[in-house]
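To keep things clear, I will list the structure first and then write my remarks on it.
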Amino acid sequence: MSLPATQGAPNGALMELHGLSKRFVKTLDLAGKLASKLGSSIREETVYALDGVNMTVAKGEVVGLVGESGCGKSTLGRIVAGILEPTEGQMYYEGRHVATLEPAEAKAVALKVQMIFQDPFASLNPRMRVRDIVGEAPLVHGLVSSDEFEGYVDDVLGRCGLDASYKRRYPHQFSGGQRQRIGIARALAVRPDFIVCDEAVAALDVSIQAQILNLFIKLREELGLTYLFISHDLGVVEHISDRVYIMYLGRIVETAPTEDLFAAPNHPYTKALLREVPRLETRHSKFLPIEGEIPSPLEPPRGCHFHPRCPHATARCREEVPVLREIAPGRESACHLNDEA
Amino acid sequence: MGSNAPTLRVEDLKTHFFTKAGVVKAVDNVSFSVDRAQILGLVGESGSGKTVTGFSILGLVDAPGRVVGGRIEFNGEDIANADEGRMQTLRGNRIAMIFQDPMMTLNPVLRVETQMMETVLAHQKVDRKTARQRARDALGQVGIPSPDERLAAYPHQFSGGMRQRVAIAIALLNDPDLIIADEPTTALDVTIQAQILFEAQKLCRERGTAMIWITHDLAVIAGLADKVCVMYAGRIVEAGAIDEVLDHPVHPYTRGLIGSVPSRNRRGVPLYQIPGMTPALLNLPPGCAFRERCPQADGACMAEPGLSVPFDGRAVRCFHPHLEAGA
Amino acid sequence: MSVFVIRRLMQSIAVVAVMSFIVFFGIHIVGDPVDMLINPEADQADIEAAMHALGLDRPAHEQYWYFLVNAFKGDLGRSFIFGEPALQLIVQRMPATLELAFAALFLSVLIGIPLGVYSGLHPDTLASKTIMSGSILGFSLPTFWVGLMMIMVFAVILGWLPSTGRGETVPLFGIPVSFLTLDGLSHLLMPAVNLALFKMSLVTRLARAGTREVVHQDYIKFARAKGLSPRRVVLVHVLKNIMIPVVTVIGLEFGGLIAFSVVTESVFAWPGMGKLIIESIQNLDRPVIVAYLMITVLMFVTINLVVDVLYSVLDPRVRLQDIRA
Amino acid sequence: MTALAEQGVPPGAPSDAVGTDQADTPLRRFLADFFESRVATGALVVLLGIVFIAVFAPWISPTDPYDLATVDIMDNRLPPGSESYTGMIYWLGTDGAGRDLLSAIFYGLRTSLSVGVMSGLIAMVLGSSIGLTAAYFGGRTDTLIMRVVDVQLSFPAILVALILLALLGKGVDKIIIALVAVQWAYYARTVRASALVERRKEYVEAATCLALSHRRILFRHVLPNCLPPLIVVVTVQTAHAISLEATLSFLGIGLPVTEPSLGLLIANGFDYMLSLKYWISIFPGIALLITIVTINLVGDQLRDVLNPRLQR
Amino acid sequence: KELKVGLGNEPSAIDPHYHNLGPNSAVASSIFDALINQDEKQRLMPGLATSWKPLDDTTWEFKLRKGVKYHDGSDFNADDVLASFERVPNVPNSPSSFATFTKGKTFTKVDDYTIHVKTAAPHPLTPNDLSQIWIVSDKVAATASTADFNSGKAAIGTGPFKFVEWVPNDRLILERNNAYWGDKPEWTKVSIQPIKSGPARVAALLAGDVDFIDAVPTTDIPRLKGDGDLSLSQGPSNRVIYLHLDHDRDDSPFVKAKDGGSIKNPLKDLRVRKAISKAINRDAIVERVMEGVAVPAGQLLPEGFFGVSPNLNPEPYDPKGAQALLAEAGVPDGFKLTIHGPNDRYINDAKIAEAIAQMLTRIGIETSVETLPKAVYFKRASRGGPDGSPEFSFVLVGWGAGTGEASSPLKALTHTYDKSKGLGTTNRGRYSNAALDTIIEQALATVDDDKRKGLLQKATEMAIGDLAVIPLHYQVNTWAARKGIKYTARTDERTAYAGVHSGM
Ligand SMILES: Nc1ncnc2c1ncn2[C@@H]1O[C@H](COP(=O)(O)OP(=O)(O)OP(=O)(O)O)[C@@H](O)[C@H]1O
Ligand SMILES: Nc1ncnc2c1ncn2[C@@H]1O[C@H](COP(=O)(O)OP(=O)(O)OP(=O)(O)O)[C@@H](O)[C@H]1O
Ligand SMILES: [Mg+2]
Ligand SMILES: [Mg+2]
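Protein chains in written order, with my numbering: chain U, -18 to 322; chain E, 23 to 349; chain S, 12 to 336; chain A, 442 to 753; chain Y, 215 to 718.
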């Protein structure tokens, strides 16, 4: 499978994000406000989960999103899937500004974007039968009539590699891999175009992971789906994506077609990240880790978020936020070093 | 100890869980050995018995589980049948263990200091000051900045990576001969994982500690271990030097496993997939546990294959090993 | 800390306001204390005179207002019956109730925690099953019934313990207490056990549930893997963790202990606040009821405060300012 | 299986050890777990017996103890096994008013249980709607409701009930009101707590993503998952309510004398205790004890079975 | 010698002028004296006054006892008496004042040991009234507050016992007044412990924690009687338990037709009242409910009290006759009725109400029972209805004659309700009979004892004849003690420690 990476042409884009930010604010209650008036050190806490993210996903493309834990991947995924509202920024679906859509249209768009979750246990309602988990939404939204219902559910389940005879069962009667298939069937049942996979294989064993990854690839071919594939496993992302976004502390630091990125990473963070991925091929390696850990999103560092861990950091990196700019066709990176070169 | 004797030798270890529903043979005839300064990788999918193997060595298998057979020789001493008092003096002292989830391994209500010092005081007749000094040094060794201040902190004030380092530091406190690391990096980010692997490797080499590194990630083992044992359904199906096993796997399961790891050489191509899923260990039918999923399975597989030694230093448990020409 | 204190203050003010309001007007609707107080021979003029003297002839809202104004000055009114400041009446009886409640608390912790930890560590032994059945009984038996049976058995039939009353008291820091003398202690024993029974079961079950949960935690296994002695594992690692829920619940239930002493005190004729409140309710002695409620609220607030502080001490993960309830 | 495997479609074989097919609904699993404990099963059987007695008391009681025309003061305080002058045998004796104790206990059970169950149910419906509302709307509404709950919970039930009953007067309805007033908050808190947990679970996000309505998510997805803790609270609170009613009756506020609950029977009988007419107090006491103990035992097992943390 | 006592009721204060309440007077009677003391049958006995007599219809002369000393050693004289009477109406916060007894009287000192009392109208009960008022010294009366009495500072009387300590709810300690002018009590120390719950009180006696208890629950009496280590003292009280019926309203709220519809109040019909009285088996109540510890009542005070009629007997049980009377009155099938009663006021009050309901139901008057705590009951029974009228139709109540003679119940219960005159104050049935009113008022103003006795007897016969109230029984009070301790039961229910004797 080697679809060429789509350039961020606005026309061809299925999903476009502009300057998307998300802040989680922990507000103070009355007592807290009083206390802070009285001079207590208590303040509102703001988590800067996403900070001005731009992203373009073309139709039929698989876009990988990689980053360390807590950097905001899931938040981005949730916003794209319509579960969370962004604090700032716009989201365009097929060129239409999602926030301004009429309710009916908004609903249609919402159904077109579906999500598959990490935890195969928590993401299925334990008190519903598989049949209802998968069939509820299509029935409620009138995508199928009640006579077609059973057949439709069987069909979707079959497509995801599940035997239709299990549809009267409850989630606890399935293994992790099977549950993940149910989750996929649930998403597919409303005939989406765009699927956000948030760590969809992270909780699975290698052999099962391979099965699910294969299923994703198969479905994409059969249904022409578009994926936003969120993972911290670079190997998996490399395997499945056409293009990759690297995220660090709420910001995109680099994006490039997969092969280019893995062949020649540009951003120091990407470089470090790639260097550290253990590979089957490397034996008796000398691990040379980057120092430090991802800082708290409560108080992100000024300037370039990566500067405290970056071996090349300069005074400028400490003050000025680097913007994501094109460094080669189809490649963008947010690093001041690129200016100097 | 004789320099040729391995630090740990496990022979035909059997650990079973006697549950109401039946007997779970979580570890069944497992044998391996680790030498000084050697890192043994123990890989296998979830539920294959890796953790239970580790706990069996430490004598920490809880009811309804029990070590029902086999020998565990530690520095020449059989500890499979040692009494609790003896085990207590070995645990945390000569044999240390690191657990998978760094968020859960430290007691949330005790200071790091307490948790470290008690480990020293449990095994050595030193005063509290010395114990504290040791704790401080150990924290420094695993690369925790300003260890003096961090000693007084509580675990929740550390990030996951830091906590895992504390756990490693605790394991190092009494300078053990063997460290059993049970998936210590699975819950961590790659960047942090690299840091931990770096520390582990350094310590093992510098101190000559033997180490068993349990993981389900072949790639981690690839970079770290000297030897590897692949477990499947409570049994070791293939063992050998790391390069040998990874480059020339002979057991169908090992081959499948390696094939299903995404690799840059096969981008976008469907991965090899082992059909079906790991069998439940409860009342496992006799015969090769892998035969249901094995493309080579035939009537012979209804019997249980022994751990054969097809060629030097390697072992495989299969009636139809994939023996390449020249091997 | 300051947020926490402010939050607590606001809450308690709200509780006091609501409670005093309800009680004030509720009692007003129910009846006239005058009928309780007045001699039956008295005529209408006497009744009216008495009502006037007690201020009961004024409209309820006006009475409430006076009450509020006085309450701000620290005067909660005088008992209709005893003619003494309600506050003083309560404060006089408080040591007895507190002594009883603390004794009960002490017993329930002293007995409940070891039992609970034991049965949590060995859930399948006969002893542990016996403990659990016992705790169900302790949970189920109505306090008053147990009290009666205890008097029957230990005082009347066996004659080992005095049946009622408080016995000899000696002052400790100016507060009369009975646990320092043999006589006092023998009087204290039965009521304390009676009152403790329910809480003891509760503590046992909490400790058991806590232990069962904690022993399966990785950090316990890790502690064992460090080669610690089982003693240390249980006494330090397990115990400190289960103390978190136990302390919280005990703290919150301490209020209940004081409240439930109403029952125990009436069974054992223990001269505490519980008896006072029951009688005040029966006699519609409004100032005492309201004052009692305000004092209990104050006590609860204090207890909760202590519990929360303890909580944050026991569990370093908790920040005081995040505690809301 | 191998055939399927070859097609590259892995067989959707049932997971670990689940051999039985469709039979394994949550309900059946729950029942199987529940009946694992012999004590709890026994308790449930006894409890069902008690409920049967309570429900059918008018048909199975030898006499109607609430009908004053048939209760004769001349028959009072008769020891167990006595014969009335109409030739009827009082197996458990009679109480201070001349009621046949066996019948009185049957009817008393009826009253006690219905007080417990009614107050439990009403409080549950009320409390859980409030709790669900709080969890759903969040923000100010939530804060306000939960503060009210805190206030309610910070005040001991017995005091609130005492004062309320002093205000309301006597009667089954009054006592139910009082019990509901002291109990609703437990339900509200429980439901809110579990609703908040459930609401954060991924299956709710999935439902949101499927553009299902909030109402549907709340009632079809969240609420059913909040039920297990609720059921436990119901049993515990019902047992509490029965015990509390008995205590209130003992303290002299609660039910009318002519229609005694178990608590009132005990309290009345207590007057006769020292004169060694033990049966008047002991038998209702035992009935009360068995009732509360069995409810608690059943509740205990429910807690174990329904507690996800203890679930294997 | 120490006497340990368990008491059912506790005083609300030691101040003898603070609260006109049984337990208070009981305690006060041990510490203080009145001018006239009442003996165990409430007969007037010389107290601080050695003699008294009416000088004319409105003037009484009291001669005071000489040589009496207060507990603090000071002397008693007429100034103290005047000061005490002066203090009575002026006790702050008094919930129920003794001023009832001093009202309309003016006191003058003739000399140090003689006083004159003038009443506004002829008032034969003046000595009875003054027997209720305890005398304190003039310095105490002038300055002491209720709290001073409670703390003991001012609790200085002339009585047989000295106050030592009072811890409310816990204990009251008295010690012997060795300088007492009368018979000195046997006990050097009396410690009194309040034990409200009846069974607990009995248990305390059985367990030997106390030597002596009052208000023994009727249910325990047979058991205690059979106990060789204990002795009982019993005697009828001045308290009658009676039923009051709605004589006033045509549509009485708690009287309904059998079908639940309204009905013209049948209780106004004497035949119906008679039927009710006949339907009640007083002997059964006494036997079965009161354990034999009560006396069936045919009038308002038991035999032996002043003004009691020798012609009245308890109505015999006659259900047949009752039904006949109902038929005669035009309600052969009976009707529906609710009986209201307290449940924490009189001995076995709720059980009595229940028994009566059984009996009435059996003659066709379907009766339901509602018992209430006294806190709620009395207000509603007296003035819970519209415009302060009595709320209920059929109530169970009791009346204790504090004066120890028949005018007390007659004027309060059977005289027409008259707020301004202060008569019929407790007439909760609003019974009204002009002829009866006249006789009562006449009796109240007749100072001549013989004449008054006749009037009271006549009034009683009239009231009972018309069933203004239906008497049930007189309470019998029981005290129990360790064997060897004897007490003479008092009709006024008081426990007077001077009256407790050890046989040894
Ligand atoms: N509802 C919320 N309220 C407050 N903070 C939140 C919320 N959701 C996420 N965050 C914070 O936002 C940041 C980004 O979270 P997010 O879940 O998107 O990270 P992630 O990259 O998906 O991490 P992981 O790999 O661990 O899943 C984190 O610091 C997280 O704590
Ligand atoms: N207490 C127990 N009772 C019954 N069976 C148990 C118990 N503990 C472990 N087992 C069984 O033993 C087998 C091996 O478990 P183990 O924890 O060693 O697996 P693992 O290889 O460490 O898996 P993972 O990668 O998930 O940690 C599992 O199949 C498990 O079901
Ligand atoms: Mg995430
Ligand atoms: Mg494991």
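We put the beta carbon where it would ideally sit given N, CA and C, even for glycine.
- Contact between Ile211 of chain U and Ser17 of chain U does not hold, since the beta-carbon distance rounds to 37 Å and is not under 8 Å.
- Distances taken from the Cβ of Ser502 of chain A to the heavy atoms of ligand 2 include none shorter than 7 Å.
- With contacts defined as CB atoms closer than 8 Å, Leu262 of chain Y and Asn342 of chain Y fail to qualify as a contacting pair.
- Runs of the alpha helix (DSSP H) spanning 4 or more residues and lying entirely within the segment 697 to 738 of chain A occur at 703 to 711, in chain order.
- Against chain E, the beta carbon of Asn195 of chain U has neighbours under 8 Å at Pro292, Leu293 and Gln295, listed in chain order.
- Counting other Cβ atoms within 10 Å of its Cβ, Arg496 of chain Y reaches 16 or more and is therefore classed as buried.
- By the criterion of at least three beta-carbon pairs nearer than 8 Å, the segment 31 to 50 of chain U is in contact with the segment -1 to 6 of chain U.
- Just so you know, the alpha carbons of Gly149 of chain S and Pro70 of chain S end up roughly 47 Å apart.
- Shown here, Ser126 of chain U sits in coil according to DSSP, grouped into three states, outside any helix or strand.
- Interface residue (Cβ-Cβ distance to chain E less than 8 Å): Phe233 of chain S is classified as such.
- One thing to note: Leu738 of chain A has its Cβ no nearer than 8 Å to the Cβ of Ser553 of chain A.
- Ile202 of chain E is positioned such that its CB atom lies closer than 8 Å to that of Met119 of chain E.
- Among the residues of chain S, none has a CB under 7 Å from the CB of Tyr688 of chain Y; the nearest is roughly 16 Å distant.
- Considered as a whole, the segment 611 to 675 of chain Y harbours 648 to 658 as its complete alpha helix (DSSP H) runs of no fewer than 4 residues, in chain order.
- Closest in C-alpha terms to Leu706 of chain A, from the list A:Asp508, A:Leu717 and A:Leu543, comes A:Leu543.
- Between Arg19 of chain S and the set S:Leu309, S:Trp281 and S:Ile33, the nearest pair of CA atoms involves S:Leu309.
- Residues of the segment 98 to 115 of chain E with a C-beta less than 9 Å from any C-beta of chain S: Glu106, Met109, Gln110, Thr111, Leu112, Arg113, Gly114 and Asn115, listed in chain order.
- Taking the C-beta atoms as reference points, Ala489 of chain Y is found no nearer than 8 Å to Gln346 of chain Y.
- When C-beta atoms of the segment 292 to 300 of chain U are compared with those of the segment 210 to 227 of chain U, fewer than three pairs fall below 8 Å, so the two segments do not count as touching.
- Taking non-hydrogen atoms of ligand 4 into account, the C-beta of Lys232 of chain S is found less than 7 Å away from none of them.
- Excluding sequence positions up to five before and after Gly518 of chain Y, its CB lies less than 6 Å from no other CB in the same chain.
- Using a CB distance below 7 Å, the part of the segment 156 to 176 of chain E facing chain S consists of Tyr176, ordered along the chain.
- Ile264, Asp265, Leu268, Gly278 and Leu279: these are the residues of the segment 257 to 279 of chain E whose beta carbon lies less than 7 Å from some beta carbon of chain U, given in chain order.
- The beta carbon of Thr215 of chain S lies closer than 7 Å to those of Gly123, Leu126, Gly127, Ile142 and Ser146 in the same chain, with the five residues before and after it left out.
- With respect to the 8 Å criterion, Ser314 of chain U and Glu235 of chain U are classified as neighbours on the basis of their beta carbons.
- The contact set of Gln103 of chain S on chain Y, defined by CB atoms closer than 7 Å, consists of Pro382 in chain order.
- Sequence-distant Cβ neighbours of Pro28 of chain E in its own chain, meaning closer than 7 Å and more than five residues away, are Ser55, Val56 and Asp57.
- DSSP, reduced to helix, strand and coil, places Ala325 of chain E outside both helices and strands of the structure shown, so it counts as coil.
- In this structure the segment 374 to 393 of chain Y does not touch the segment 129 to 137 of chain S; the number of beta carbon pairs closer than 8 Å is below three.
- Our two residues, Val663 of chain A and Ile264 of chain E, have alpha carbons roughly 50 Å apart in a direct line.
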